[in-house]
Structures are given as C-alpha cells and as structure tokens.
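> This is the structure I have questions about; it appears just below.
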Amino acid sequence: METIYNWLLQSMGNEGNAYTILNCQRTKRTEGGDYIQVMARLKDFSIVNLLIHSGQLTEPEANRLGGGNPAFEQHTFADSTGVLDFLHTGETDDVPTSTDNNAVQVLVFKPVGEAGELTFPPEQSAD
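Here the numbering used here is used: the first residue of the sequence shown is 1077, the next is one more, and so on.
And the structure:
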C-alpha cells in the first residue's frame, strides 16, 4: 500500500494517466490494515472515487466509504504493480482473482450529488 500511496502522490495531476489523480487520502484502521480513498478524473472529464484496500474491508464498510452506493467496478490485483498499471492505462489484466495476502482490491464509485461534476466558469467578455 505504501508503494501505491507514494505513486498517487507523485502522479497527482498527471493527465497522461487514464485516471488523473485529483486528491488522495490514506487511513490506517484501528483493526489493522489501511485503505486509500482517491478522487480521480477520467479522460471524458467525469469524476470517480476509488477505494483501494488489501481486502480487509467488509462490503458494507466499503460501500459507506464509497458514498453509500455500491461500486460499479471492482478489480482485484495480485500486487501493487497491477494496481499502478490499472491507474495508468485504465486496463486490467485478465488474471484470475488472487487470494494471496498481497492481493489489492480497487473499487470504483460514482460520486454522490454534485461532487461528480466538473464545470468550467463561463467565458468573460472583455467589454
């Protein structure tokens, strides 16, 4: 998770990635483990929230962290390298789901309310 978090911080604002990272926050759980919440923009300027964790979150807890809605995409990767490739290219490898302790899950959520809209101010005339 440390590798993923460092990559997110270093890649923030990089429009060359499939997911342009706008913001991220890492949280350590008192029960053990941690998760990373990410706000990202896609190439079509739509906003998504990502929840990255190593499988220790329950489905209700993950949905709550995702804004109350279930994820519309869910991917499991064998390690952090697969996650970084996914964030960079937007594509997943067709590897069977790993049950290994190093497996990392990425859930993709649509933001609730106006949080998913990216708007630009109207053009100002020079009059």
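All C-beta atoms in this analysis are idealised placements derived from N, C-alpha and C, irrespective of residue type, glycine included. Every value quoted in this text rests on a predicted model; they were computed, and no experiment measured them.
Can you tell me the Cα-Cα spacing of G1166 and L1160, whole angstroms?
Cα to Cα, G1166 sits roughly 10 Å from L1160.
> Between D1169, T1157, F1162 and Q1150, which has its C-alpha nearest T1096's C-alpha?
Ranking the options by Cα distance to T1096, first place goes to F1162.
> Measuring only the C-alpha atoms, how far is D1155 from V1180?
Looking at the two C-alpha atoms, the distance is approximately 6 Å.
> Tell me whether V1188 sits in a helix, a strand or coil according to DSSP, three-state version.
In this structure, V1188 counts as coil in the three-state DSSP scheme.
> Can the beta-carbon of H1129 be found closer than 9 Å to that of L1084?
Taking 9 Å as the Cβ cut-off, H1129 and L1084 do not qualify as a contacting pair.
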